[in-house]
Each structure stands twice: as structure tokens, then as C-alpha cells.
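Per the working numbering, the first sequence starts with residue 1, numbered consecutively. Beta carbons are placed, not taken as given, at the ideal position from N, Cα and C, and that holds for glycine.
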Amino acid sequence: MQPEEFTLFVHERGTALFRDMPWRRDTDAYNILVSEIMLQQTQVDRVLPKFEAFMARFPNVAALASSPLSDVLVLWSGLGYNRRAKFLHEAAKMIVREFEGELPSSQAELTRLPGVGVNTAGAIVTYAFNQPVVYIETNVRTVYLQHFFENNSDVSDAMIREKVEATLDRNEPRLFYWALMDYGSWLKRNGVKNIARSKHYRKQAPLEGSVRQVRGRIVRALTLGECSLDALQKAVDSGDGRFEKAYEQLLLERLIQQQGEQVRLTQ
DNA sequence: CTCCAGATGC
DNA sequence: GCATCTGGAG
1 MQPEEFTLFV
11 HERGTALFRD
21 MPWRRDTDAY
31 NILVSEIMLQ
41 QTQVDRVLPK
51 FEAFMARFPN
61 VAALASSPLS
71 DVLVLWSGLG
81 YNRRAKFLHE
91 AAKMIVREFE
101 GELPSSQAEL
111 TRLPGVGVNT
121 AGAIVTYAFN
131 QPVVYIETNV
141 RTVYLQHFFE
151 NNSDVSDAMI
161 REKVEATLDR
171 NEPRLFYWAL
181 MDYGSWLKRN
191 GVKNIARSKH
201 YRKQAPLEGS
211 VRQVRGRIVR
221 ALTLGECSLD
231 ALQKAVDSGD
241 GRFEKAYEQL
251 LLERLIQQQG
261 EQVRLTQ
């Protein structure tokens with residue numbers, strides 16, 4: 001398939017498979033930032049209710065920046081990777097402090113925000129500002145592996161990037177990437193499992209028995225309110241050393257804090 | 001068991 | 001480079 005032909009094909013798939021989402025109805029930069037952080041390694045269906053609740057509670061950058069972290073963590077609990085909540089909270093404060101309350105519109109500037117890497121910055125620039133930039137994530141990989149590297153393995157992002165550059169619709173980048181998301185997601189739901197042919201694929205460690213499992217339980221327990229270290233340990237310690245590791249991590253990352261024997265989510 | 005609109009820290 | 005961070009759905 002020629003590049004122009006592929007671009008048209010993606011648009012056609014996007015029209016047929018379009019998914020309505022709140023951050024597509026309103027592409028305000030703050031909406032896009034929140035949704036993109038939530039969508040890191042997390043399915044759309046799980047993000048939707050959390051996004052609505054988050055926006056109702058923190059409707060703009062200033063509201064988020066001036067709220068205590070503990071409020072953000074309470075709302076985030078259940079979504080997973082709760083350190084993203086802290087990154088987002090810090091990003092909001094940085095936007096207020098260094099960018100006069102407005103999200104920067106360049107990929108490089110966005111990358112300075114905590115929790116925003118080159119790919120999330122690319123997504124923000126695409127969806128919030130409709131600028132033609134190349135970025136790679138799992139749906140992009142699935143689509144391009146399917147159409148340009150059907151018989152290859154160990155395909156690097158650099159190889160995929162080359163194809164995206166050749167086929168990206170620079171007149172309608174936002175629509176084009178929406179189409180890639182919807183088509184890639186559709187391929188996966190319909191049995192295309194090619195992501196392991198990406199050079200950057202890493203098999204994920206099981207959650208059961210992991211430190212991160214206990215870590216999540218600690219944060220969830222503390223969303224009910226502060227408590228003594230002893231009570232916390234009784235509630236979630238699995239007795240195999242995982243509690244101590246998870247607890248130390250959370251202290252170091254400052255998601256939780258300890259005063260005397262009392263433990264609580266960071267204010 | 002697998003996967004997910006990845007980033008960070010080492 | 002590699003391990004770690006979450007939790008739910010299929």
C-alpha cells in the first residue's frame with residue numbers, strides 16, 4: 001500500500017470505528033493532559049469514570065494545583081499506578097508557577113512536566129493543539145506492525161517512526177491519531193496480537209505476590225483516613241517482607257508521610 | 001495467564 | 001540497557 005493510500009485507509013477506519021470520549025468532545029489542553037496521564041498503561045473503559053470524577057472535583061489547573069495531594073490520591077485510588085496522581089499534581093503546580101497557568105504548546109516544554117515523557121508530550125501536542133508530530137504508543141505500534149512489518153520481528157520504534165512520518169496526515173493530525181487509536185484498539189479486540197514483535201516489548205511481571213500489590217493496598221487503606229503504622233501493618237502486611245519494601249518506597253516518593261506513629265497520605 | 005493512549009530511576 | 005510502578009478485564 002502506498003503512503004497516501006494508507007493515510008486514507010486509516011481515516012476511513014477511524015470514521016467507522018470512532019469512539020466518543022469526553023476528552024475528544026472538549027480538547028482543552030488541561031482535559032488532554034489529565035486524560036493522557038490516566039491513559040498511560042490503562043484502558044479507556046477504566047479511565048472514563050475516573051476522568052469524569054476527576055474533572056468534577058478538579059475542573060482546571062488552578063483547582064488541582066491548590067488542592068492537597070491526599071484529595072487527588074483518594075480520587076485516583078483504583079485506577080492503578082497511583083504515583084501518576086502525584087506527577088499530575090506536581091505538573092499542575094509547575095504549570096501555575098512557571099507557565100502562568102497555561103499548558104505549554106511545544107513538545108519539548110511539555111516534557112519538562114513530571115510524568116510527561118516524549119510520547120505523552122507528543123499526544124498532548126497532537127490532541128490539544130492539532131500539531132503534526134510523530135509519537136509512538138501501543139496502538140500506533142499495532143497498526144504499523146500489522147501493515148508494514150507483517151513478517152518482521154524485533155521491530156524498533158525508529159523503524160515505525162519512519163513509517164509514521166511518511167503517512168501522518170499533516171493537515172488533520174488530531175483526526176489521524178484518533179483514527180490510529182480506534183483502529184489499533186479494534187485490531188487488538190479482534191485478535192491481532194502482534195505487540196510482542198516490537199523490539200520494545202517487555203513481558204509484564206505478575207501482580208499477584210508482588211511488592212506493587214502491597215503498595216496499592218497501603219495507599220487504598222490510607223484513603224479511608226490516617227492510622228497508626230501498627231494498624232496499617234495489621235491491615236495489609238502479607239508477612240513476607242513486601243510491606244516493608246512498599247512502605248519505604250511510598251515514603252521515599254512522598255506519597256505518604258509518617259509523624260510519630262501516625263501514617264497518612266501526603267497533604 | 002495476557003494486555004493496557006509509558007515514565008522514571010538506576 | 002533493565003526493573004519497577006497498578007488493577008481490572010478478557
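Notebook entry, point to check: In whole angstroms, what separates the C-alpha of N60 from that of Y30?
Noted result: 7 angstroms
Note to self: Suppose contacts are defined by Cβ-Cβ distances below 8 angstroms. Is T167 in contact with T7 by that definition?
What the structure shows: Result yes, Cβ atoms of T167 and T7 sit closer than 8 angstroms.
Margin query: Quick check on the burial criterion: 16 or more other C-beta atoms within 10 angstroms. Buried or exposed for S70?
Written below: The residue in question, S70, is buried, as its Cβ has 16 or more Cβ neighbours within 10 Å.
Item checked: Span separating the alpha-carbon of N194 from that of F176 -> 21 angstroms
Note to self: According to DSSP, is R83 part of a helix, a strand, or is it coil?
What the structure shows: helix
Notebook entry, point to check: Does DSSP put L207 in a helix, a strand or coil?
Noted result: coil
Next item on the list: With a cut-off of 8 angstroms on the beta carbons, I'd call Y183 and V143 a contact; round off their distance for me.
Entry: Right, their Cβ atoms sit about 6 angstroms apart.
Next item on the list: Run the CB neighbour count on Q41, radius 10 Å, all protein chains shown included, and call it buried at 16 or more, exposed below.
Entry: exposed
Notebook entry, point to check: Where DSSP assigns a beta bridge to L265, which residues make up the other side?
Noted result: I256
Next item on the list: Using alpha carbons as the reference points, say which of V214, E98, V134, W178 lies closest to I32.
Entry: W178
Margin query: Please state the DSSP three-state secondary structure of V134.
Written below: V134: coil per DSSP, three-state reduction.
Margin query: Tell me the rounded alpha-carbon separation between I160 and F87.
Written below: 29 angstroms
Item checked: Exposure label - S198; buried when at least 16 CB within 10 Å -> buried
Notebook entry, point to check: Comparing alpha-carbon positions, which option in R112, Q146, E162, N151 lies nearest V133?
Noted result: E162
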